[in-house]
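Using the numbering used here, the letters of the sequence shown map in sequence onto residues 119 to 613. Heads up, the beta-carbon is just placed ideally off N, CA and C, and yes, glycines get one too. Below: one structure, written as structure tokens.
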Amino acid sequence: MTAVQAKPDTFDSLDPATGEVVGSHPIHTAADVEAAVERARAAADWWAGLGFAGRAERLQRWKGVVTRRSAQLAELVHAETGKPHGDAMLEIVLGIDHTAWAAKNARRVLGRKRRSSGLLMANQAATVEFQPLGVVGVIGPWNYPVFTPMGSIAYALAAGNAVVFKPSEYTPGVGKWLADTFAEVVPEHPVLQVVTGYGETGAALCRAGVAKIAFTGSPATGKKIMATCAETLTPVLIEAGGKDALLVDADADLAAAADAAVWGGMSNAGQTCTGVERVYVHERVYDEFVAKVVDIAGKVRAGGDAEADIGPITMPKQLDIIRRHIADALARGGRALVGGADAVGDRYVQPTVLVDVPEDSAAVREETFGPTLTIARVRDMDEAVEKANATEYGLGATVFARTRGMELAARLRSGMTAVNSVISFAGIPSLPFGGIGESGFGRIHGPEGLKEFARPKAIARQRFRSPMNLTTFTRTAKTDANLAKLITLLHGKRR
């Protein structure tokens with residue numbers, strides 16, 4: 119059940135729940151990609167020329183089209199990923215909200231601003247503005263085919279760039295839908311284009327001379343993207359998955375923490391880069407917390423019917439990874455309180471809750487990307503933080519605590535942390551989204567996300583002639599002496 123080639127120049131996207139063909143799409147060659155980027159260069163000049171107000175007006179119109187047709191888009195997301203319609207609609211709503219924020223705030227974040235000129239250059243007016251990069255290449259994932267790439271696409275567009283988008287080969291129809299609806303409100307030039315295909319198409323985009331690549335996917339693929347982009351010194355933004363931990367302190371609201379752990383770990387069948395995979399619980403509340411998790415998780419069901427809570431595993435090869443992680447945990451003394459070895463089927467994985475799993479097992483160390491949780495008892499939150507940070511990943515994290523939530527959140531080695539909620543940071547447009555370590559670098563969303571797709575331009579304009587001209591060969595010894603006195607007066611005082 120993989121995306122299969124229908125004929126030499128096309129491939130099919132498949133419904134992971136049924137194996138049925140959803141659509142057929144072209145395999146764009148390197149020449150096709152280069153042509154798209156060339157078209158985008160001319161489009162970028164026109165789009166940048168619209169200014170912040172002109173671009174905001176077009177983006178708001180696009181947001182309206184997506185909103186009115188969201189049911190249609192949700193059906194396509196459901197067909198290509200298998201996720202329930204409700205989950206598809208949730209990610210679409212978040213994408214709409216981020217698009218609106220980027221359009222509204224681009225001028226405030228990127229527009230020209232005055233800076234202090236300092237005393238030595240007091241005759242200068244100093245300003246900085248953020249100018250578009252030109253053409254941005256976006257390589258998107260399949261697990262959130264609307265929300266995740268829109269975190270790059272909408273922000274890059276708001277910053278004044280044209281975009282060439284390569285969606286996952288598992289969700290090409292969603293990518294085409296986004297580009298087609300954008301073209302309805304921006305018909306003049308190909309400001310947003312889609313190229314489809316496999317890894318070779320993505321590699322071609324990296325080599326096509328774009329100003330920047332924004333990639334979301336696995337660390338292994340992210341490293342290949344970086345290596346390819348290094349050939350042309352093309353800068354990259356990498357979001358490469360995680361192994362997120364949830365900490366539960368002794369004073370936490372256990373009912374809320376258990377509900378968050380199950381939803382954070384098992385929504386979208388666990389196929390979430392910021393999904394909860396590890397839970398560390400204070401020993402005083404461990405037994406009560408585990409009982410609540412078991413009760414909630416035991417009621418969650420994977421299936422293809424309308425009543426199912428989670429859908430299929432979209433990438434068939436991921437089933438082998440999930441199966442291996444569960445088997446390794448059980449073989450090394452772990453226990454399955456929900457699910458277990460029999461939870462992994464041909465298309466679906468039923469929720470699995472594992473306890474007593476060694477910290478060096480695959481289920482704890484490697485990204486599982488399935489509806490599984492490992493829960494560990496800790497003597498205190500210091501141990502919880504230590505274990506949570508003992509990973510090469512560093513994307514998101516969660517803390518449930520009444521008194522120490524912010525303190526613990528600050529100590530966690532992650533790009534983002536939610537306190538007394540789960541994955542909430544992703545839904546707040548003003549917050550930067552991204553990780554450290556094996557989870558990548560760079561940020562989407564928020565002011566930081568807008569600035570990722572722009573270059574700072576510094577301008578110094580002389581307002582009047584300086585009585586002490588430092589940038590001339592006619593500078594005298596007296597000027598140098600006065601400069602030395604001034605610097606000594608300003609900076610030579612003993613503390």
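- For Leu601 and Gly236, the gap between their C-alpha atoms comes out near 14 angstroms.
- The DSSP-derived three-state label of Val140 is strand.
- Under the 10 Å beta carbon count, Glu570 is surrounded by 16 or more other beta carbons and is classified as buried.
- In this chain, the beta strand (DSSP E) harbouring Pro250 covers 242-250.
- Leu472 is the residue among Thr589, Leu472, Leu238, Asp298 whose C-alpha sits nearest the C-alpha of Val411.
- Three or more beta-carbon pairs separated by less than 8 angstroms are not found between the stretch 322-338 and the stretch 523-532, which leaves the two stretches without contact.
- His400 sits in a strand when the DSSP states are folded into three classes.
- When DSSP assignments are scanned along the stretch 489-577, the uninterrupted stretches of beta strand (DSSP E) that are 3 or more residues long and fall wholly within it turn out to be 490-496, 515-518.
- About 6 angstroms separates the Cβ atoms of Val155 and Val282, confirming a contact at the 8 angstroms cut-off.
- Ser532 is a Cβ neighbour of Gly512, given a cutoff of 8 angstroms.
- Residues of the same chain with a CB within less than 7 angstroms of the CB of Leu194, apart from the 5 flanking positions on each side, are Gly291, Val292, Trp295 in chain order.
- Assignment of Phe129 by DSSP, reduced to helix, strand and coil, places it in the strand class.
- Within the same chain, Cβ atoms closer than 7 angstroms to the Cβ of Asn279 are found at Ala162, Pro250, Leu251, Gly252, Val253, Val254, Phe571, the five residues on either side in sequence being excluded.
- One thing to note: Tyr398 has its Cβ within 8 angstroms of the Cβ of Ala502.
- Collapsing the DSSP output to three states places Thr470 in a strand.
- Closest by C-alpha distance to Ala363, out of Ile493, Pro476, Arg522, Met268, is Ile493.
- The straight-line gap separating the alpha-carbon atoms of Leu448 and Thr470 is approximately 12 angstroms.
- In the three-state scheme derived from DSSP, where H, G and I count as helix and E and B as strand, Gly255 is classed as strand.
- Per DSSP, the continuous alpha helix (DSSP H) segment holding Ala149 begins and ends at 148-167.
- The continuous stretches of alpha helix (DSSP H) do not include Arg581, and DSSP gives it neither H nor E.
- Considered as a whole, the stretch 270-332 harbours 280-284, 310-312 as its complete beta strand (DSSP E) runs of no fewer than 3 residues, in chain order.
- The stretch 181-199 makes contact with the stretch 258-268: 3 or more CB pairs, one atom from each, lie closer than 8 angstroms.
- The beta-bridge partner set that DSSP reports for Asp362 consists of Val394.
- For Ala461, the secondary structure class from DSSP, reduced to helix, strand or coil, is helix.
- Ala426 is positioned such that its CB atom lies no closer than 8 angstroms to that of Pro489.
- Its Cα nearest to that of Pro202, the residue Ala424 stands out among Ala424, Ala481, Gly552, Asn587.
- Its Cα nearest to that of Gly463, the residue Asp438 stands out among Gly452, Asp438, Glu484.
- In the three-state scheme derived from DSSP, where H, G and I count as helix and E and B as strand, Arg450 is classed as coil.
- Between Ala409 and Val380, the gap from beta carbon to beta carbon reaches 8 angstroms or more.
- For Glu484 and Thr217, the gap between their C-alpha atoms comes out near 33 angstroms.
- Note that the C-beta distance between Thr136 and Lys361 is not below 8 angstroms.
- Here Phe333 really is in contact with Ile257; their C-beta atoms are around 5 angstroms apart, less than 8 angstroms.
- With respect to Phe407, Ala376 sits close: the two C-beta atoms are nearer than 8 angstroms.
- With a threshold of 16 other beta carbon atoms within 10 Å, Gly172 falls short and is exposed.
- Scanning its chain for C-beta atoms nearer than 6 angstroms, with the 5 sequence neighbours on each side dropped, one finds around Arg157 the residues Pro308, in chain order.
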